[in-house]
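2 protein chains.
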Amino acid sequence: MALRVGVIGGGQLARMMIAPAVELGIDIRVLAEDEGMSAQLAATAVGDYRDLETVRRFAADVDVITFDHEHVPQEVLRALVADGVRVHPGPDALRFAQDKLDMRARLTELDVPQPDWARVADAAQLQAFLDAHGGRGVVKTPRGGYDGKGVRVVSDAAEAADWFADVPAGDALLVEELVPFVRELAQQIARRPSGELAAYPVVETVQKDGVCAEVIAPAPGVDAEHAAQAERIGRVIADGLGVTGMLAVELFQTADGRILVNELAMRPHNSGHWSQDGAVTGQFEQHLRAVADLPLGETTPLKDWSVMINILGGPAEAGMLDRVPAALAASPHAKVHTYGKTPRPGRKVGHVNAAGADLDTVLSQARASAAAFA
Amino acid sequence: MALRVGVIGGGQLARMMIAPAVELGIDIRVLAEDEGMSAQLAATAVGDYRDLETVRRFAADVDVITFDHEHVPQEVLRALVADGVRVHPGPDALRFAQDKLDMRARLTELDVPQPDWARVADAAQLQAFLDAHGGRGVVKTPRGGYDGKGVRVVSDAAEAADWFADVPAGDALLVEELVPFVRELAQQIARRPSGELAAYPVVETVQKDGVCAEVIAPAPGVDAEHAAQAERIGRVIADGLGVTGMLAVELFQTADGRILVNELAMRPHNSGHWSQDGAVTGQFEQHLRAVADLPLGETTPLKDWSVMINILGGPAEAGMLDRVPAALAASPHAKVHTYGKTPRPGRKVGHVNAAGADLDTVLSQARASAAAFA
Numbered sequence: 004m005a006l007r008v009g010v011i012g013g014g015q016l017a018r019m020m021i022a023p024a025v026e027l028g029i030d031i032r033v034l035a036e037d038e039g040m041s042a043q044l045a046a047t048a049v050g051d052y053r054d055l056e057t058v059r060r061f062a063a064d065v066d067v068i069t070f071d072h073e074h075v076p077q078e079v080l081r082a083l084v085a086d087g088v089r090v091h092p093g094p095d096a097l098r099f100a101q102d103k104l105d106m107r108a109r110l111t112e113l114d115v116p117q118p119d120w121a122r123v124a125d126a127a128q129l130q131a132f133l134d135a136h137g138g139r140g141v142v143k144t145p146r147g148g149y150d151g152k153g154v155r156v157v158s159d160a161a162e163a164a165d166w167f168a169d170v171p172a173g174d175a176l177l178v179e180e181l182v183p184f185v186r187e188l189a190q191q192i193a194r195r196p197s198g199e200l201a202a203y204p205v206v207e208t209v210q211k212d213g214v215c216a217e218v219i220a221p222a223p224g225v226d227a228e229h230a231a232q233a234e235r236i237g238r239v240i241a242d243g244l245g246v247t248g249m250l251a252v253e254l255f256q257t258a259d260g261r262i263l264v265n266e267l268a269m270r271p272h273n274s275g276h277w278s279q280d281g282a283v284t285g286q287f288e289q290h291l292r293a294v295a296d297l298p299l300g301e302t303t304p305l306k307d308w309s310v311m312i313n314i315l316g317g318p319a320e321a322g323m324l325d326r327v328p329a330a331l332a333a334s335p336h337a338k339v340h341t342y343g344k345t346p347r348p349g350r351k352v353g354h355v356n357a358a359g360a361d362l363d364t365v366l367s368q369a370r371a372s373a374a375a376f377a
Numbered sequence: 004m005a006l007r008v009g010v011i012g013g014g015q016l017a018r019m020m021i022a023p024a025v026e027l028g029i030d031i032r033v034l035a036e037d038e039g040m041s042a043q044l045a046a047t048a049v050g051d052y053r054d055l056e057t058v059r060r061f062a063a064d065v066d067v068i069t070f071d072h073e074h075v076p077q078e079v080l081r082a083l084v085a086d087g088v089r090v091h092p093g094p095d096a097l098r099f100a101q102d103k104l105d106m107r108a109r110l111t112e113l114d115v116p117q118p119d120w121a122r123v124a125d126a127a128q129l130q131a132f133l134d135a136h137g138g139r140g141v142v143k144t145p146r147g148g149y150d151g152k153g154v155r156v157v158s159d160a161a162e163a164a165d166w167f168a169d170v171p172a173g174d175a176l177l178v179e180e181l182v183p184f185v186r187e188l189a190q191q192i193a194r195r196p197s198g199e200l201a202a203y204p205v206v207e208t209v210q211k212d213g214v215c216a217e218v219i220a221p222a223p224g225v226d227a228e229h230a231a232q233a234e235r236i237g238r239v240i241a242d243g244l245g246v247t248g249m250l251a252v253e254l255f256q257t258a259d260g261r262i263l264v265n266e267l268a269m270r271p272h273n274s275g276h277w278s279q280d281g282a283v284t285g286q287f288e289q290h291l292r293a294v295a296d297l298p299l300g301e302t303t304p305l306k307d308w309s310v311m312i313n314i315l316g317g318p319a320e321a322g323m324l325d326r327v328p329a330a331l332a333a334s335p336h337a338k339v340h341t342y343g344k345t346p347r348p349g350r351k352v353g354h355v356n357a358a359g360a361d362l363d364t365v366l367s368q369a370r371a372s373a374a375a376f377a
């Protein structure tokens, strides 16, 4: 009998766990939100992940529960744990990925470097923060933000008035200083329930329009001290928040050399996709190993440079079917990963990885292949 | 709508096509011989591949048919082609993998170096061949041989008397000279219907008890001339036999430096498993690209040395579940591939790949991991 890992959510992250699950002999089962989702091949159930009975039925047939996303409500997670289900990451860790105010408070306790921040319950509190930080700040809804949504740069508290109007009594918004960063980095790290950690090299992520566009691994020009600092931040957070599975820490690097924590994700993350083809152990395999409490794999890069380019969908009328041949023809070296999604402008429908000794070469190989999807 | 590739046969080769199919956005469907086979995850039908109507029903819902094995009868294959189904490799190529006498005759026409051989219809003809080749020879049943079965070394024609008794009238056995080889090599090559070829470096295969035990890529100590010769043999056979998909050519290397063709396989082959983790494009991805007539991928090795160690099952009572953690713990560098099979002594239940700059190191990493399954 194989170990059964149940993944809640049928998106591309669940899809990309299928390959390493097959390799390791793990029986992967997916609770998908709908028919025909990215992880359709492994979908054994379709239902609402917010409904306890749906999730409970799904969990009854697996040995470990993990996730494609961080949106399963705390009460559902806690009921599973009370049922004796192995849930990784568990609710005590996931709450810090679900609530940015809780996350900022916990990172402050852990003395992790991060932007100045405040919990602001009304416009006056927000204005006070802005006044103390050069008149500008980043306002975030504590819950439900994703890829630039739920995030707004303001230079006057009035610009967040609509959000304050929606904040429930007793609740608040998060405001952070607008960090004058020179670039964004990301640190991937895996942690098993037994405590074993495995860190990947820190990478550079290039955002376009608030969405991750390209990743370069390792981050070019990062010196040993900064690489060690990023890894240390990852380790402190993984241990301090009790993360199990993959943790991605999105980081700002400032002109004066500081590294500050921007966001967290407790799952395989876009910034770690390069590792599928660029590291001895890809992040999807590592996530499965970690949540199943199996020995972690080596994280060493296979080549000097690895890159990942996201594929954003072009017009829907031209399907992926016609574009894959062009992408493969554009570079015999690049690795194309598709998500089984209907293209539409701006929608992430796949990514391309490439790895090699020369960064410019691998970047142009991967970009040429990704461009075929535009 | 995704391209639909149907694989006939539900064994480990079909299983290992699942991961690259997901990546490339190919809708992979498997006609399995039984429930619970290695490729269960993608099995959309269960039935007898020798039954035309079963295969026809399966083929009706896919764009391309390919195979996990070479045992689908010619009449079934030809009926599919007559129906207009894209079958790769097609019957005109597959017949040479299905009948060793046809294969030897065709390779003779193509002037490919191979052992002396003869079609022998009775003991007298066999004895004449043995007398002319130092008194010994390798007798093979033309059809149905696999991994040492259907192959017998004889020093007297009487030793093949039982086989001759079973040969239908008008049919014959194959006899080949016993080649004094110093080692065995294998050449992998992919060919698209449109004719594009992509060759992998020639590898060394180490057999134990007639079964492939270890593969080293590239073959240690092969000079450029021999590597080019092996590749040329692969190209001549792929073109000459009209192979589509992966072709594996098993080769003997003799003390006097000759390279002779031993056997052919028209599918991903055990001797090419190293490429999953050791080459830019693994043989299972390459096979899918080739049969779908997609541009082929780069075959360059990722590291100086790649190795593959087969995992043979130990006692059935201890399942794979307990052994995977030990195998992963034995080497964080090795890549474990399981086949979803119940172990029994001598049964191939998986393999381990490793790649790196030092051959001794990767061999010991892979062997340590594989040993955990014994």
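Same order as they appear, the protein sequences are chains A and B.
Under the working numbering, residues 4 to 377 are what the first sequence spells out, in order.
Under the working numbering, residues 4 to 377 are what the second sequence spells out, in order.
All C-beta atoms, glycine included, are put in the ideal place defined by N, C-alpha and C.
How would you write the range of the alpha helix (DSSP H) that residue i sits in, first residue to last?
i                     : result
residue 299 (chain A) : Per DSSP, residue 299 (chain A) belongs to no alpha helix (DSSP H) and is neither H nor E.
residue 269 (chain B) : It is not in any alpha helix (DSSP H) - residue 269 (chain B) carries neither H nor E in the DSSP assignment.
residue 194 (chain B) : Not the alpha helix (DSSP H): residue 194 (chain B) falls in the beta strand (DSSP E), residues 184 to 194.
residue 281 (chain A) : 278 to 281
residue 4 (chain B)   : Segment: none, residue 4 (chain B) is in no alpha helix (DSSP H) and carries neither H nor E.
residue 111 (chain B) : 103 to 112
residue 27 (chain A)  : 15 to 27
residue 133 (chain B) : 126 to 135
residue 164 (chain B) : 164 to 169
Between the alpha carbons of residue i and residue j, how many angstroms are there, rounded?
i                     : j                     : result
residue 91 (chain A)  : residue 344 (chain A) : 27 angstroms
residue 305 (chain B) : residue 161 (chain A) : 56 angstroms
residue 138 (chain B) : residue 181 (chain B) : 10 angstroms
residue 76 (chain A)  : residue 350 (chain A) : 26 angstroms
residue 328 (chain A) : residue 372 (chain A) : 10 angstroms
residue 295 (chain B) : residue 247 (chain A) : 40 angstroms
residue 231 (chain A) : residue 71 (chain A)  : 29 angstroms
residue 144 (chain B) : residue 172 (chain B) : 14 angstroms
residue 224 (chain B) : residue 315 (chain A) : 46 angstroms
residue 106 (chain B) : residue 99 (chain B)  : 5 angstroms
residue 385 (chain B) : residue 309 (chain A) : The requested residue 385 (chain B) is not part of the displayed model; chain B covers only 4 to 377.
residue 238 (chain A) : residue 286 (chain A) : 16 angstroms
residue 222 (chain A) : residue 218 (chain B) : 35 angstroms
For the beta strand (DSSP E) holding residue i, just list the boundary residues, first then last.
i                     : result
residue 30 (chain A)  : 30 to 35
residue 59 (chain A)  : Segment 55 to 62 is the alpha helix (DSSP H) holding residue 59 (chain A); no beta strand (DSSP E) there.
residue 48 (chain A)  : 46 to 49
residue 155 (chain A) : 154 to 157
residue 7 (chain B)   : 7 to 11
residue 358 (chain B) : 351 to 359
residue 40 (chain B)  : Run containing residue 40 (chain B): none; DSSP gives neither H nor E here.
residue 75 (chain B)  : Where residue 75 (chain B) is concerned, there is no enclosing beta strand (DSSP E), given that its DSSP letter is neither H nor E.
DSSP three-state call for residue i: helix, strand or coil?
i                     : result
residue 121 (chain A) : strand
residue 217 (chain A) : strand
residue 377 (chain A) : coil
residue 229 (chain B) : helix
residue 207 (chain A) : strand
residue 372 (chain B) : helix
residue 89 (chain A)  : strand
residue 305 (chain A) : coil
residue 340 (chain B) : strand
residue 285 (chain A) : coil
residue 295 (chain B) : coil
residue 201 (chain B) : strand
residue 69 (chain A)  : strand
residue 181 (chain A) : coil
How about the region 117 to 130 of chain B and the region 74 to 94 of chain B: do they share at least three Cβ pairs that are nearer than 8 angstroms? No, the region 117 to 130 of chain B does not touch the region 74 to 94 of chain B.
Validate contact between the region 276 to 283 of chain A and the region 326 to 344 of chain A using beta carbons, cut 8 angstroms, 3 pairs: yes
With three or more C-beta pairs closer than 8 angstroms as the rule, is the region 358 to 372 of chain A touching the region 32 to 51 of chain B? no
Would you check if there are 3 or more beta carbon pairs closer than 8 angstroms linking the region 29 to 44 of chain A to the region 11 to 21 of chain A? yes
With a cut-off of 8 angstroms, do at least 3 Cβ pairs link the region 184 to 197 of chain A to the region 162 to 176 of chain A? no
Is the number of C-beta pairs between the region 15 to 23 of chain A and the region 23 to 33 of chain B that are closer than 8 angstroms three or more? yes
Short of 8 angstroms Cβ to Cβ, which residues in the region 326 to 340 of chain A face chain C? No chain C appears in this structure, whose protein chains are A and B.
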